[in-house]
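Participant: Right, I'll just put the structure down here and ask away after.
Numbering (our numbering), first residue to last: 16 to 127.
In structure tokens:
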């Protein structure tokens with residue numbers, strides 16, 4: 016994976032560190048993100064944590080790399096502003112991890 020928005024999806028991943036997330040959906044009140052802004056932040060943080068987990072896990076369990084295409088798909092949805100679909104894709108990744116299915120499942124949601 017390369018990056019989300021302008022910052023790298025790498026250093027600091029998994030530790031909660033990420034650049035500022037901004038946009039029109041982030042300002043319904045002073046300092047309080049709106050519902051779509053919260054969803055955007057949730058996606059970004061989840062992707063950061065997944066990246067950190069993958070970075071730590073793949074060297075010990077290379078078979079886990081099979082879910083990377085699913086994570087890449089979630090990043091694509093995030094970049095396209097499709098945060099609800101991104102959350103659904105992240106859940107699919109987490110389900111794959113929980114069940115031990117390390118190969119990428121077919122993608123059913125096209126990017127609009």
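Glycine is no exception: its CB is placed at the ideal position from the N, C-alpha and C atoms. Because the structure is a prediction, the values reported are computed rather than measured.
How do the stretch 109–119 and the stretch 76–87 stand: do at least 3 beta-carbon pairs fall below 8 Å, yes or no?
Facilitator: As far as the Cβ criterion goes, the stretch 109–119 touches the stretch 76–87, which means the pair count is three or higher.
Participant: Within 10 angstroms of the Cβ of residue 96, are there 16 or more other Cβ atoms? Answer buried if so, exposed if not.
Facilitator: Here residue 96 refers to the residue found at position 81 of the chain shown. By the C-beta density criterion, residue 96 is exposed, having fewer than 16 other C-beta atoms within 10 angstroms.
Participant: Mind checking whether residue 53 and residue 98 have CB atoms under 7 Å apart?
Facilitator: Residue 53 sits at position 38 when you count from the first residue of the chain shown. Residue 98 sits at position 83 when you count from the first residue of the chain shown. Note that the C-beta distance between residue 53 and residue 98 is not below 7 Å.
Participant: For chain B, is any of its Cβ atoms less than 7 Å away from the one on residue 83?
Facilitator: Among the protein chains of the structure shown there is no chain B, as only one such chain exists.
Participant: Spatial neighbours of residue 102 within its chain, please: CB distance less than 7 Å, with the 5 preceding and 5 following residues excluded, ordered by chain position.
Facilitator: As a working mapping, residue 102 is identified with position 87 in the chain shown. Listed in chain order, the non-local C-beta contacts of residue 102 below 7 Å within the same chain comprise 54, 57 and 58, local neighbours out to five positions each way being set aside.
Participant: Assuming contact is defined by CB atoms lying nearer than 7 Å, are residue 70 and residue 88 in contact in what I supplied?
Facilitator: Within the chain shown, numbered from 1, the residue matching residue 70 stands at position 55. Within the chain shown, numbered from 1, the residue matching residue 88 stands at position 73. Taking 7 Å as the Cβ cut-off, residue 70 and residue 88 do not qualify as a contacting pair.
Participant: May I ask which residues mark the beginning and end of the alpha helix (DSSP H) holding residue 84?
Facilitator: Within the chain shown, numbered from 1, the residue matching residue 84 stands at position 69. Per DSSP, residue 84 belongs to the alpha helix (DSSP H) from 83–94.
Participant: Just how far apart, CA to CA, sit residue 76 and residue 66?
Facilitator: Within the chain shown, residue 76 is the residue found at index 61, counting from 1. Within the chain shown, residue 66 is the residue found at index 51, counting from 1. One C-alpha to the other measures close to 15 Å.
Participant: So what does DSSP say about residue 76, is it helix, strand or coil?
Facilitator: Along the chain shown, one-based indexing puts residue 76 at 61. Note: residue 76 maps to coil in three-state DSSP.
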